[in-house]
Amino acid sequence: ERAALSAPLAHVLEGLYKSGRSSVRRELRLQRAARVPSSLTPRVGAGADPDADSVALYDKSKPPSDPRNALELLRKRAQRNADAVLDALSRQAGEASANALVTGRPITPATLAPSLAETATRVLKREFALGVSEAFNLGRRAEAADKADDGRVSVGVYSSLLDRSTCAACSLADGREYNVGSAAYEA
Numbered sequence: 260e261r262a263a264l265s266a267p268l269a270h271v272l273e274g275l276y277k278s279g280r281s282s283v284r285r286e287l288r289l290q291r292a293a294r295v296p297s298s299l300t301p302r303v304g305a306g307a308d309p310d311a312d313s314v315a316l317y318d319k320s321k322p323p324s325d326p327r328n329a330l331e332l333l334r335k336r337a338q339r340n341a342d343a344v345l346d347a348l349s350r351q352a353g354e355a356s357a358n359a360l361v362t363g364r365p366i367t368p369a370t371l372a373p374s375l376a377e378t379a380t381r382v383l384k385r386e387f388a389l390g391v392s393e394a395f396n397l398g399r400r401a402e403a404a405d406k407a408d409d410g411r412v413s414v415g416v417y418s419s420l421l422d423r424s425t426c427a428a429c430s431l432a433d434g435r436e437y438n439v440g441s442a443a444y445e446a
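Letter by letter, the sequence shown follows residues 260 to 446 of the numbering used here.
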C-alpha cells in the first residue's frame, strides 16, 4: 500500500525538483539575453527556501550539505505523505467500524468511500503542500550550486511571494542578495 501510494508522489516531487533546476537555467538564459526578470539581479536569483515548518524534511538551519543529492529526501517526503494518508484512512475506518457497532448500521463501500476519499484528499493536500516547495527549491539550490561550481553563479536573491501568508522574516528578506555557498545563503 505504502509503495503504491508513495511511488507516484515521489515521481511528482522529482518532477518539481527538476523544474526548480530548470528555472535557474531559464533565468540565466534570460539574463544573458538581457531580458532579466524583475525579481532578479543580473547575477542570478537562486530562490528562497520555504518557510520553516515542523514537518519539514530537514532542519532549515542545516539544509542538505549537497542539494544535488536531494532526490533521496524527496523519496522520504513521498513515503511520509503516503504514511500520513494511510494512517488517516486507517483511523477513519476504525472509527467507522466502532460507530457501526454502536449504531447497528452496517458499513458499506457506498457509505464509507466518499468520506475516505475526502480524508485522503485533505491529508494529501496538507502533507504535500510543503513537499512541493521543498522539491522545487531543492532543485533550484542544486542548479545554483552546480552553476556556482562552474563560476557562472555567485549571488542568490531571496524571493518571497509577499502575499497575506508571508511571515515578517520572509517579507523583510525579500530582495536581499546572498553569496552562493555562504552561511547566510545556506540558512
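Yeah, the Cβ is synthetic: ideal placement off N, Cα and C, and Gly gets one too.
Keep in mind the model is a prediction, meaning the values are calculated, not measured.
query, result
"Spatial neighbours of Ala359 within its chain, please: C-beta separation below 7 Å, excluding the five flanking residues on both sides.", "Pro365 and Ile366"
"I'd like the span of the alpha helix (DSSP H) that includes Glu354, first residue to last.", "Leu330 to Thr362"
"I'd like the list of long-range same chain contacts for Asn438, defined as Cβ closer than 7 Å, with 5 residues on each side in sequence excluded.", "Ser413, Val414 and Tyr444"
"Pull up the distance between the alpha-carbon of Ser278 and that of Val361, whole angstroms please.", "51 Å"
"Is the Cβ-Cβ distance between Gln351 and Leu375 less than 8 Å?", "yes"
"Identify which residue in Arg261, Leu268 and Glu286 has its Cα closest to the Cα of Ala403.", "Glu286"
"Per DSSP, which residues does Tyr437 bridge with? Please list them.", "Gly415"
"So what's Gly274 in DSSP terms, helix, strand or just coil?", "helix"
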